[in-house]
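A short write-up of the structure that comes next.
In our numbering, the protein residues as written are 6 to 121.
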């Protein structure tokens with residue numbers, strides 16, 4: 006149950022940072038760029054969602070209340086969430102490990118390996 010609450014807090018923090026979170030298994034809700042197939046936002050995968058940090062001092066009650074009203078949270082928790090929102094806005098969500106960048110895919114070595 007604790008993981009479920011933490012994931013809900015992560016989604017709440019991400020939404021405050023302007024990052025869309027997709028919870029649909031077919032990814033119809035993730036606003037995919039239809040021409041390039043690029044998903045917008047983060048998904049429920051371990052790597053994407055777990056990059057959002059849950060404040061360490063957040064109580065279980067605050068985790069349940071955060072979506073009901075930000076003002077219900079303690080000042081320390083509000084400040085910690087505000088700091089995490091700023092961090093996400095400046096750093097963003099890193100791509101999944103093992104996902105190659107466009108620059109890497111365009112390199113001569115990658116072209117040689119990927120061509121049949």
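Backbone N, C-alpha and C fix where the C-beta goes; we use that ideal spot for every residue, glycine too. Every value quoted in this text rests on a predicted model; they were computed, and no experiment measured them.
For this session: Reducing DSSP to helix, strand and coil, say where residue 24 ends up.
Result: The residue given as residue 24 occupies position 19 in the chain shown. Under the three-state reduction of DSSP output, residue 24 falls in the coil class, being neither helix nor strand.
Problem set entry | residue 67: first and last residue of the uninterrupted alpha helix (DSSP H) it sits in | Taking the first residue of the chain shown as position 1, residue 67 is located at position 62. Run containing residue 67: 65–70, per the alpha helix (DSSP H) assignment.
Exercise. CA-CA distance, residue 57 and residue 6?
Worked result: To locate residue 57, count along the chain shown from 1; it is residue 52. To locate residue 6, count along the chain shown from 1; it is residue 1. Whole-angstrom Cα-Cα distance: 18 Å.
Exercise. If you drop the 5 nearest sequence neighbours on each side, which residues of the same chain put their C-beta closer than 6 Å to that of residue 69?
Worked result: Indexing the chain shown from 1 puts residue 69 at position 64. Cβ within range, chain order: n/a, list empty.
Exercise. So, helix, strand or coil for residue 47, using DSSP?
Worked result: Locating residue 47 in the chain shown gives position 42, counting from the first residue. Here residue 47 sits in strand by DSSP.
Exercise. Using CA coordinates, which residue listed in 89, 80, 78, 72 is at the minimum distance from residue 59?
Worked result: Start at 1 with the first residue of the chain shown, and residue 59 comes out as number 54. If we check each option's Cα against that of residue 59, 89 comes out closest.
For this session: Measure the alpha-carbon distance for residue 84 versus residue 107 and round it to whole angstroms.
Result: The count along the chain shown starts at 1 and reaches residue 84 at position 79. The count along the chain shown starts at 1 and reaches residue 107 at position 102. Residue 84 and residue 107 have their alpha carbons spaced roughly 37 Å apart.
Problem set entry | Where the alpha helix (DSSP H) containing residue 109 begins and where it ends | Position 104 of the chain shown, counted from the first residue, corresponds to residue 109. Its alpha helix (DSSP H) spans residues 107–111.
Problem set entry | Residue from 81, 54, 94, 77 whose Cα sits closest to the Cα of residue 4 | A question about residue 4 goes unanswered here, because the residues of the chain that appear run from 6 up to 121.
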